[in-house]
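Engineer: First the structure, then my questions, so here it is.
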Amino acid sequence: MAEYESIHGTRVRYLTSDPTLDSSTEGQVWYNSTSGANKALVQIKATSASGSLATARSGISGGGASPQTVGIVFGGQISPATTNTTATEEYNGFSWANGGNMNLGRGYGCGFGTQTAAVGAGGYDHGNGDQSEVEEYNGSTWSEVTDLPGNQRSQGAAGTQTAGLVFGGDPPGPIRTQSLEYDGTNWTSSGTLNTGRKYLAGCGIQTLALAVGGSVGTPVRSAATEEYNGSSWTSGNSFTEGRSALACFGLQTHAVIAGGDDQDPSIVSSIEEYDGTNWTTSPATLATARRYFAGFGSGTAGAVAGGGTPGITAATEEYNSSILSPRTGVWAASTNLPGTRDNGSVSQSGTTSAAYYAGGSNPGAPYTPDTPTIEYNGSSWTAGGALSTGRISAGSGGTLTAGLTWGGFQGPGVGDNTNTTEEYNGTSWTGGGNLPTPQRECYGDGTQTDSIFGGSFGAPNVTALKYDGSSWTAISNLPAGRFGAAGAGNSSAFVLAGGAPNKTTLEWNGSSWGAGGDVPTSPLFAMAAGGTQTSALFYGGEGGSPSGLLAGTFFYNGTAMESRSNMTQSQSTDNSGDAGSCLAIGGGSPAISVEEWDESAAGTATASTLTTS
Amino acid sequence: MALFIYGTATNTGKGFFTAEDRRAFFLRGYPADVWVVGNNEKGAMWLAEKNGVEKTKAEAQALVTADVQAAQAAWDALPAEQKTDMNLRPTDITLP
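So the sequences go chain by chain: R and V.
Letter by letter, the first sequence follows residues 2 to 614 of this note's numbering.
Letter by letter, the second sequence follows residues 2 to 97 of this note's numbering.
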């Protein structure tokens, strides 16, 4: 068998730390002597579903300069060729919310800008024909501004509200080559396209824009690329599959095109990427082929929404491209608990050699919440101080010498859930600030002086609270209620995943909730979690079809959930430690097992994002 | 063995299919909430987890065709001035 050196002419590099990683390092292989792991880079591209538009529509416009998680779309038609819509919708990476309506409903115009500073220009108003109307959006309302110098539709667009660019389209016939620059007030003619076309797409900024595809007259579809430098257009390399009514997002040096219709005309699902010189066909495709739709975002993180399929769709898809480094890690058996335990409180910020496990109960109903604490030193379990209130399914965090537990189920006949909080000093538990209301399955993470959780069992399960060492304070509610979610991080950077009935991943940035990368299977309930918002391990829990205990392990890198090696047995377990090294304590069958995760250990090679180029 | 599994499922938005799903098995959506997935364990599990209703290929094709034919009939009924290049007649779709 050929060796790496004979193929590449070099030996595998021996490094004490990972190199700076970007797309230029794709395919490189090295050995990290610190972690003891072989590493390499591969690129992953894929689309995924996201929240659907409230108003399904075709001929839709969008703010192409918007980031993937802060998008905007507006206008379009809501039934074939008969009804305009004025509806605006704003995207948060998770779902769409209604924005202010346009003054003039129309479709097949063009849009550019961002969610808080967008422009809608031209378009077709059914009943009144092509339009020159231009409107600006300020994040809440649309205002009429200077019209285009003539009626037009089906143009491409790029740029921002104060530095925009509109090009191509029709009429006047047969097909426009004209470009118009917008400075936030006035329209000025600029360079002409080399290939006039309509239903083309564009992206980039006013001085570095890209015009792609379009129809050059029925039924011919263009695969032409042209680059704009602020004054003139230059032809670039064509892409593979000529198409019109496509979407384009990104920049002139890294753009993505998706969907559209080809010469048949069949609606297509293919995606191609541009690196500033050449196009390559992405291994990813749209799940739902579509045309006349909107796209926004960057060349590595974009989104598309709406369109014709050939009916009208509300579906949204995200496109992500990441540079990944295969990583390893395995679970190994550790010292069993002295007796069966389930759903206890655990030192989530502890280590694999300094952990506590408090409360919990016998596995299986009827549950009898217990008070003892046991402590782990890396090799054996010994008795610690008892909780004042026996509890199961409580939230917990902290370390062996500075632990915290809150809420939980006290058992029937005792008063159902508790609102009490207790703090551990390595010897004994004392009372902390109480929760506003009794709750259970309010899993979270943090330390004795900085903890957080979102969701709980019982209304309102949109609840999210943080603890500062003495009291709990409400933070913004979750976008949708859930219970049994798992989380990692602290009150300034937290990731919440799984749970029921809504399993999507959420990120808390200290002031608001946003969408994160989801666990790739569903549903998942009562997973264990540890680490930080950008480096967390989620594992175990319950779910699947039929429902049962799970052994799956996922690493969250701040963007996406990636599969890791399974635990040796399925467990609805509890975590102590971080993403690199942690304990899964109890919760299996029998519920005495403890497993230890070691990321540096050789195991099934899986992928983890280190850098996105 | 058939290459694909056919079924209907309602797109519930975020998480309905993930990037890992797209990498793990063939998945494609069609009108009438018809989904075609690879005939393998992951594809089958996905459809089951989405409360999908498995269909035969003929049944799935009939659903798609009915949806397309309805769109074609609506298009055919439009006045000529609305049959423009921005509103092309829906074309037939053949499932893989």
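For glycine and all other residues, C-beta sits at the position ideal for the given N, C-alpha and C.
Every value quoted in this text rests on a predicted model; they were computed, and no experiment measured them.
Please confirm if R:Gly391 has its CB atom under 8 Å from at least one CB of chain V.
Structural biologist: So no, R:Gly391 is outside the interface.
Engineer: Does R:Thr421 come within less than 8 Å of chain V when only Cβ atoms are used?
Structural biologist: No - not a single Cβ of chain V is within 8 Å of the one on R:Thr421.
Engineer: Tell me the rounded alpha-carbon separation between V:Thr9 and R:Asp519.
Structural biologist: Going by the C-alpha atoms only, they are around 23 Å apart.
Engineer: Look at the Cβ atom of R:Val213, then the Cβ atom of R:Phe240, and state whether they are nearer than 8 Å.
Structural biologist: Their beta carbons are under 8 Å apart, which means R:Val213 touches R:Phe240 by this criterion.
Engineer: Cβ of R:Thr147 less than 8 Å from any chain V Cβ?
Structural biologist: For R:Thr147, the answer is no, since every Cβ of chain V falls outside 8 Å of its Cβ.
Engineer: Candidates R:Ser133, R:Thr117, R:Ser96 and R:Gly170: which alpha carbon is nearest R:Arg107's?
Structural biologist: Nearest option by C-alpha distance: R:Ser133.
Engineer: Is the beta carbon of R:Gln349 within less than 7 Å of some heavy atom of the ligand GDP?
Structural biologist: The model on display carries no ligand, and the ligand GDP is accordingly not part of it.
Engineer: Just to confirm the assignment: which complete beta strand (DSSP E) runs, minimum length 3, are found wholly within the region 257 to 335 of chain R?
Structural biologist: Qualifying beta strand (DSSP E) stretches, in chain order: 271 to 275, 280 to 286, 295 to 298, 302 to 306, 317 to 328 and 331 to 334.
Engineer: Shorter than 8 Å from the beta carbon of R:Gly312 to some beta carbon of chain V?
Structural biologist: With 8 Å as the cut-off, R:Gly312 counts as an interface residue toward chain V.
Engineer: Considering only residues of the same chain and omitting the five flanking positions on each side of R:Leu479, which have a CB-CB separation below 7 Å?
Structural biologist: Cβ neighbours of R:Leu479 beyond the five flanking positions: Gly455, Gly456, Val463, Ala465, Leu507 and Trp514.
Engineer: Quick check on the DSSP output: the beta strand (DSSP E) that includes R:Ala212 runs from which residue to which?
Structural biologist: Leu209 to Val213 is the extent of the beta strand (DSSP E) around R:Ala212.
Engineer: Taking its Cβ as the centre, do 16 or more other Cβ atoms sit within 10 Å of V:Met2, making it buried, or is it exposed?
Structural biologist: The residue is exposed, with fewer than 16 neighbouring Cβ atoms inside 10 Å.
Engineer: Alpha carbon to alpha carbon, how far is R:Gln349 from R:Glu596?
Structural biologist: Going by the C-alpha atoms only, they are around 15 Å apart.
Engineer: How about R:Ser381 and R:Thr336: are their beta carbons less than 8 Å apart?
Structural biologist: Contact flag set, yes.
Engineer: Against chain R, with Cβ distances strictly below 8 Å, would V:Asp77 count as a contact?
Structural biologist: No, V:Asp77 does not count as interfacial toward chain R.
Engineer: Could you check which residue in R:Leu538, R:Arg565, R:Pro370 and R:Ser236 has the C-alpha nearest to that of R:Ala387?
Structural biologist: The option with the nearest alpha carbon to R:Ala387 is R:Pro370.
Engineer: Between the C-alpha atoms of R:Val13 and R:Asn426, what's the straight-line distance to the nearest angstrom?
Structural biologist: If I take the Cα positions, the gap works out to 48 Å.
Engineer: Would you mind stating whether R:Ser180 and R:Phe168 have Cβ atoms separated by less than 8 Å?
Structural biologist: Against a cut-off of 8 Å, the Cβ pair of R:Phe168 and R:Ser180 comes out as a contact.
Engineer: Let me know if R:Ala608 comes out buried or exposed under the rule of 16 or more other beta-carbons within 10 Å of its beta-carbon.
Structural biologist: For R:Ala608, the pLDDT reaches just 39, beneath the cut-off of 50, and the residue's location in the model is therefore unreliable, although a value from the coordinates is still provided. It is buried - the Cβ of R:Ala608 has at least 16 other Cβ atoms within 10 Å.
Engineer: Please check if any C-beta of chain R sits within less than 8 Å of the C-beta of V:Val35.
Structural biologist: No - not a single Cβ of chain R is within 8 Å of the one on V:Val35.
Engineer: Provide the residue span of the alpha helix (DSSP H) that contains V:Thr66, from first to last.
Structural biologist: Where V:Thr66 is concerned, the enclosing alpha helix (DSSP H) stretches over Lys58 to Asp77.
Engineer: Does chain R have any CB closer than 8 Å to the CB of V:Pro32?
Structural biologist: Taking Cβ atoms only, chain R reaches closer than 8 Å to V:Pro32, which makes this a yes.
Engineer: Would you mind working out which of V:Thr92, V:Ala63 and V:Val35 sits nearest V:Asn52, comparing C-alpha positions?
Structural biologist: Of V:Thr92, V:Ala63 and V:Val35, the residue nearest in Cα terms is V:Val35.
Engineer: Among the residues of its own chain, which have a CB less than 6 Å from the CB of R:Asn321, if the five just before and after it don't count?
Structural biologist: Result list for R:Asn321: Ala302, in chain order.
Engineer: Are the beta-carbon atoms belonging to R:Ile272 and R:Ser59 less than 8 Å from one another?
Structural biologist: No, these two residues do not count as a Cβ contact at 8 Å.
Engineer: Just the chain V side, please: which residues come within less than 7 Å of R:Gly60 by C-beta, in chain order?
Structural biologist: Within chain V, the residues near R:Gly60 are Met87.
Engineer: Nearest CA to the CA of V:Gly30: which residue from V:Leu64, V:Glu42 and V:Asn41?
Structural biologist: The shortest C-alpha separation from V:Gly30 is found at V:Leu64.
Engineer: Restricting to Cα atoms, I'd like to know which of R:Ala50, R:Thr48 and R:Gly192 is closest to R:Gln228.
Structural biologist: For the sequence presented, residue 228 of chain R should be read as Glu rather than Gln. Closest by alpha carbon: R:Gly192.
Engineer: Does the pairing of the region 260 to 267 of chain R with the region 276 to 284 of chain R give three or more beta-carbon distances under 8 Å?
Structural biologist: Segments in contact, no.
Engineer: Name the residues in the region 43 to 75 of chain R whose C-beta lies less than 9 Å from a C-beta of chain V; which are they?
Structural biologist: So the close ones are Ile45, Lys46, Ala47, Thr48, Ser49, Ala50, Ser51, Gly52, Ser53, Ser59 and Gly60.
Engineer: Quick check on V:Leu4: does DSSP put it in helix, strand or coil?
Structural biologist: Of the three classes helix, strand and coil, the one that applies to V:Leu4 here is coil, per DSSP.
Engineer: Would you call the region 143 to 154 of chain R and the region 187 to 204 of chain R touching, i.e. three or more CB-CB distances under 8 Å?
Structural biologist: Touching, yes.
Engineer: Between the Cα of R:Thr115 and those of R:Ala561, R:Ser141 and R:Phe556, spot the shortest distance and give me the residue it belongs to.
Structural biologist: Minimum Cα distance to R:Thr115 is reached at R:Ser141.
Engineer: Would you give the residue range spanned by the alpha helix (DSSP H) that R:Leu479 belongs to?
Structural biologist: Unbroken run through R:Leu479: none, as it is neither H nor E.
Engineer: Take V:Asp77 and list the residues in its own chain whose beta-carbon comes closer than 6 Å to its own, dropping the five residues that flank it on each side.
Structural biologist: Cβ neighbours of V:Asp77 beyond the five flanking positions: none.
Engineer: Distance check for R:Gly157 and R:Ala202, CA to CA, integer angstroms please.
Structural biologist: So the two alpha carbons sit approximately 5 Å from each other.
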